[in-house]
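To start, the structure itself, in structure tokens.
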Amino acid sequence: MATLSGRLAAPFVWTLSTALVGVVALTYLGPKFILVAGLAPATLPRVNATLNGIAVVLLLAAWAAVLRRNIPLHRRLMLTAVAISVLFLVSYVVQHSSFPSVKYGGGLAWLYYPVLLSHILLSVVLVPMALITLVRGLGARYDQHRRIARWTLPLWLYVSITGVMVYLFCAPYY
């Protein structure tokens, strides 16, 4: 019998990754409709930045736990980080399905746009990497988990930190 950590892992990861990236892309390309009545345009960006900040703290704590070889704590912190990231994705999709993107209007465009572009591109790369790392960890394939986690963790931290930065750049324009 195949398990998620066996033959079904790769199709699961790539199907889910493609679906997630596709849903996010559709929120930009499709029509806007309010998914939550009475929602103010500035509410969800603030929630999203907060969730990204929480993810950073959880990821750093999980890293510290694994360095101390506290694997049960590492696992709990990482699963919580995944849950926070799922909440972020739901909130992000609701936000961008409901409201047009805010245009940055400040004097730091030379910094904002490279941060935004790297954030977007690396978030697309992060989705399958995080899923592969998760599947390998949960499947007790620890050598393979460690090999990819060495790349996934800094990438996830970068994407989460730049997510907060993008919010801070755009906050005056919501």
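Residues 34 to 207 in the numbering used here are what the sequence shown lists, from first letter to last. We put the beta carbon where it would ideally sit given N, CA and C, even for glycine.
Return the CA-CA distance between R174 and F66, expressed in angstroms with no decimal places.
-> 43 Å
Count the other CB atoms, across all protein chains shown, that sit within 10 Å of the CB of S151; report buried if there are 16 or more and exposed otherwise.
-> Exposed, by the Cβ-count rule.
Is there contact here, the stretch 78-95 with the stretch 141-161, by at least three beta-carbon pairs under 8 Å?
-> By the Cβ test, the stretch 78-95 is not in contact with the stretch 141-161, since fewer than three Cβ pairs between them sit closer than 8 Å.
Measure the CB-CB distance between G138 and Y206 and report whether it falls below 8 Å.
-> Yes.
Is S134 buried or exposed, if buried means 16 or more other CB atoms sit within 10 Å of its CB?
-> With fewer than 16 Cβ atoms within 10 Å of its Cβ, S134 is classed as exposed.
Give a yes or no on whether 8 Å exceeds the smallest Cβ distance from C203 to chain D.
-> Checking the listed chains, one finds no chain D in this structure; it contains a single protein chain.
The alpha helix (DSSP H) enclosing G55, as first and last residue numbers | 42-62
Nearest-angstrom Cα distance between A114 and I165?
-> 15 Å
Would you say the stretch 76-89 touches the stretch 190-203, given that touching needs at least three Cβ pairs under 8 Å?
-> Taking a contact to require three or more Cβ pairs closer than 8 Å, the stretch 76-89 and the stretch 190-203 qualify as touching.
Whole-angstrom distance between M162 and M198, CA atom to CA atom = Each residue's alpha carbon lies about 22 Å from the other.
Can you give me the start and stop residues for the alpha helix (DSSP H) that S193 sits inside?
-> 175-203
Have a look at V46 and V168 and give me their C-alpha separation to the nearest angstrom.
-> 8 Å
Consult DSSP for Y207 and reduce its assignment to one of helix, strand or coil.
-> coil
Whole angstroms is fine: what's the gap from V127's alpha carbon to F121's?
-> Rounded to the nearest angstrom, the two C-alpha atoms are 10 Å apart.
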